[in-house]
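Enquirer:
2 protein chains.
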Amino acid sequence: MSDSDKSVVSRLRKLIGEGFYPPGERIGEVAVAEQLGVSRTPVRLAFRTLEQEGLLQRAGKRGFMVREFTEADVLCAVEVRGVLEGLAARRLAEQGLSPALAEELTVWIQKGRELLAKGYLEERDVDVWSELNRRFHETIVGSAGSPVIGDAIARNNHLPFAAADSIVIDSEALDREYRKLQLAQTQHELVFQALRHGEGARAEMLMREHAFIGLRYGELWGLG
Amino acid sequence: MSDSDKSVVSRLRKLIGEGFYPPGERIGEVAVAEQLGVSRTPVRLAFRTLEQEGLLQRAGKRGFMVREFTEADVLCAVEVRGVLEGLAARRLAEQGLSPALAEELTVWIQKGRELLAKGYLEERDVDVWSELNRRFHETIVGSAGSPVIGDAIARNNHLPFAAADSIVIDSEALDREYRKLQLAQTQHELVFQALRHGEGARAEMLMREHAFIGLRYGELWGLG
DNA sequence: AATATTGTGTTTGGATCCAAAGTAGAGCTT
DNA sequence: AAGCTCTACTTTGGATCCAAACACAATATT
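One line per chain: the protein sequences are X and V, in this order. Going by UniProt numbering, the first sequence opens with residue 1, and the numbers climb by one from there. Going by UniProt numbering, the second sequence opens with residue 1, and the numbers climb by one from there.
1) For arginine 135 of chain X, decide whether its Cβ has a neighbour in chain V, counting only Cβ atoms nearer than 8 Å.
2) May I ask you to report which of helix, strand or coil DSSP gives phenylalanine 161 of chain X?
3) Is there a Cβ of chain V sitting closer than 8 Å to that of glutamate 34 of chain X, yes or no?
4) Do we get a CB-CB distance below 8 Å when we pair glutamine 52 of chain X with the residues of chain V?
5) At the 8 Å Cβ level, is arginine 124 of chain X part of the contact set with chain V, yes or no?
6) Pull out every residue of the region 130 to 162 of chain V whose Cβ sits closer than 9 Å to any Cβ of chain X, in chain order.
7) Any C-beta of chain V within less than 8 Å: which residues of the region 71 to 93 of chain X qualify?
8) Figure out for me which residue from V:Gly145, V:Ala72 and V:Thr41 has the closest Cα to the Cα of serine 146 of chain X.
9) From leucine 116 of chain V to valine 141 of chain V, what distance separates their C-alpha atoms?
10) Using a threshold of 8 Å, state whether the C-beta atoms of arginine 67 of chain X and proline 23 of chain X are closer than that.
11) Would you check if the region 107 to 122 of chain X and the region 96 to 107 of chain V touch, i.e. whether three or more CB-CB distances between them fall below 8 Å?
12) Could you compute how far the alpha carbon of isoleucine 109 of chain V sits from the alpha carbon of alanine 89 of chain V?
13) Over the uninterrupted alpha helix (DSSP H) stretch that includes glutamate 183 of chain X, give me the two end residues.
14) Assign aspartate 125 of chain X to one of two classes, buried (16 or more other C-beta atoms within 10 Å of its C-beta) or exposed (fewer than that).
15) Kindly give me the distance between the Cβ atoms of alanine 144 of chain X and arginine 81 of chain X, rounded to whole angstroms, as I take these residues to be in contact under 8 Å.
16) Cutting at 6 Å between CB atoms, please list the residues of its own chain near phenylalanine 20 of chain X, excluding the five before and the five after it.
17) So, with DSSP's three-state summary, where would you put valine 38 of chain X?
18) Taking a Cβ distance cut-off of 8 Å, strictly less, list which residues of the region 11 to 29 of chain X are near chain V, in chain order.
19) Arginine 48 of chain X versus chain V: which residues are under 7 Å apart at the beta carbon?
20) Rounding to the nearest angstrom, what Cα-Cα distance links tryptophan 129 of chain X and leucine 84 of chain X in this structure?
21) Take the Cβ of glycine 96 of chain X as the centre, count every other Cβ of all protein chains shown within 10 Å, and call the residue buried at 16 or more, exposed below.
22) Enumerated in chain order, which unbroken segments of the beta strand (DSSP E) with a length of 3 residues or greater are wholly contained in the region 42 to 87 of chain X?
23) Compare the C-alpha of alanine 203 of chain X against each of X:Leu132, X:Arg58 and X:Glu189 and name the closest.
24) Return the chain-ordered ranges of every alpha helix (DSSP H) run that is complete within the region 84 to 164 of chain X and spans a minimum of 4 residues.
25) Where does the unbroken alpha helix (DSSP H) through leucine 206 of chain X begin, and where does it stop?
26) State the Cα-Cα distance for the pair alanine 194 of chain X and arginine 26 of chain X, rounded to the nearest angstrom.
27) Could you compute how far the alpha carbon of proline 99 of chain X sits from the alpha carbon of leucine 75 of chain X?
28) Please list, in chain order, all residues of the same chain as alanine 184 of chain X whose beta carbon is under 6 Å from its beta carbon, the five residues on each side excluded.
29) Near tyrosine 178 of chain X, which residues of its chain fall below 7 Å by C-beta distance, leaving aside the five closest residues on each side in sequence?
30) Decide if valine 191 of chain X is buried, meaning its Cβ has at least 16 other Cβ atoms within 10 Å, or exposed.
31) Whose C-alpha, out of V:Leu56, V:Arg62, V:Phe136 and V:Gly60, is nearest the C-alpha of phenylalanine 69 of chain V?
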């Protein structure tokens with residue numbers, strides 16, 4: 001995929017995510033091509049990719065439309081990520097953590113501890129957390145013995161709201177987000193504990209529950 | 001997607017599945033275009049689709065290669081289908097079976113019973129089973145409250161060995177396959193039972209176990 | 001002799017052209 | 001006036017052309 005081809009896909013992803021193209025409405029190749037300043041060819045290629053990613057949908061016999069997502073779809077996508085990451089964690093626990101892998105995970109756990117040690121959250125901490133969180137999840141999924149699980153998660157994460165790093169939403173209320181990240185950190189540590197002890201079922205369930213943190217945990221403290 | 005575009009994708013899927021293009025080797029647009037008797041354009045579009053499906057993989061900076069799958073990948077893909085169908089079953093159990101849905105599932109259960117009632121298996125029974133099995137699974141997944149789970153399963157099923165209807169392999173040894181289908185039927189009935197009683201966890205676990213039937217159950221009877 | 005650089009051939013990406021399929025609207029017929 | 005049909009326009013799909021990127025090889029330079 002060339003740079004500009006990639007950029008057409010990702011630019012479209014962004015535009016769709018931002019709601020620039022109204023869900024449910026037909027989206028024409030020529031219109032998009034003109035807006036992005038390219039010819040129809042890369043747009044046609046990008047549409048096929050986005051269709052597979054689930055962001056676009058065939059509109060009858062003619063062209064594509066932006067897919068619309070309901071509340072239920074969001075919940076479902078989060079659950080899907082949960083069971084898949086849970087599967088990865090269980091497999092990892094069953095096959096046993098290698099010393100190198102334990103080391104790697106310890107790094108991200110430790111960075112999380114340090115980030116939260118000072119007792120409150122700053123603006124720039126958000127990106128740091130986002131990064132270490134991503135790495136922690138990536139490491140587990142990437143070590144589950146086959147790229148198949150990671151692929152399935154990656155495809156699911158193309159639904160913009162489903163990705164693991166879409167936890168922190170409200171960077172205005174950092175004091176309230178702090179509690180959320182603290183809980184996320186604890187869950188990371190518990191998962192790591194279960195992995196180290198080969199507790200497959202426990203690792204799986206912890207990971208599944210952990211997926212919900214961006215979704216429902218706000219309600220606990222009246223943030224929902 | 002036009003007819004011939006669809007056919008390029010599915011023809012390529014078939015050729016890849018049959019091992020016509022050696023895994024790991026680069027696959028050129030022009031070569032494929034000539035073999036299929038079309039121009040490069042539909043091939044380029046098809047490559048993007050097949051990349052997303054996971055059958056093709058970027059070969060460095062230049063073009064694509066057929067992805068190779070290990071034994072571990074096959075196992076993983078089956079487990080992925082298991083957890084996803086398990087998730088669908090649990091959600092369905094939790095939300096409660098509507099009378100219409102119970103009716104629908106009863107149909108496929110009943111057809112399965114009738115098929116196996118005579119105590120042995122004929123050649124043409126294989127297709128009948130394959131169909132009713134597909135419908136049973138489709139009904140559950142399609143009723144889980146959101147198309148997101150079904151999409152994830154569909155994408156996973158593009159890996160040819162992962163699909164639920166790849167159970168029956170050996171149509172020469174019908175007497176041995178009979179026991180397998182009998183067990184599959186029992187599992188269908190147990191899942192249905194759990195669904196009717198709102199037993200989410202049980203439905204989920206049964207469905208997860210059921211995914212393994214095409215993979216490991218042969219060993220039980222020395223078929224592996 | 002080894003490495004860097006340049007040149008050629010191969011392959012992919014982007015633009016454009018043409019054909020085919022579809023949709024909508026206008027006009028005609030009953 | 002309502003319904004049907006034919007036509008014109010819109011939009012997508014396929015083919016081809018051209019440019020750019022890349023790989024490999026050969027030659028030159030240190």
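Ideal Cβ positions, reconstructed from N, Cα and C, are used throughout, including at glycine. Please read all numbers here as calculations on a predicted model, not as lab measurements.
Expert: Inspection of the coordinates gives the following:
1) no
2) coil
3) no
4) yes
5) no
6) Ala144, Gly145, Ser146, Pro147, Val148, Ile149, Asp151, Ala152, Arg155, Asn156, Leu159 and Ala162
7) Those residues of the region 71 to 93 of chain X placed with their C-beta closer than 8 Å to a C-beta in chain V are Ala72, Asp73, Leu75, Cys76, Ala77, Glu79, Val80, Val83, Leu84, Gly86, Leu87 and Arg91, ordered along the chain.
8) A check of alpha carbon separations from serine 146 of chain X across V:Gly145, V:Ala72 and V:Thr41 identifies V:Ala72 as the nearest.
9) 24 Å
10) yes
11) no
12) Their backbone Cα atoms lie some 16 Å apart in a straight line.
13) For clarity, residue 183 of chain X is leucine in the given sequence; the question names glutamate instead. Note, leucine 183 of chain X: alpha helix (DSSP H), 174 to 196.
14) buried
15) Their Cβ separation, rounded to whole angstroms, is 14 Å, which puts alanine 144 of chain X and arginine 81 of chain X out of contact at 8 Å.
16) none
17) coil
18) Within the region 11 to 29 of chain X, no residue has a Cβ that lies closer than 8 Å to any Cβ of chain V.
19) Leu45, Arg48 and Thr49
20) 22 Å
21) exposed
22) 56 to 58 and 64 to 66
23) X:Glu189
24) 99 to 117, 125 to 142 and 147 to 157
25) 200 to 210
26) 48 Å
27) 36 Å
28) Result list for alanine 184 of chain X: Ile213, in chain order.
29) Tyr120 and Leu121
30) buried
31) V:Leu56
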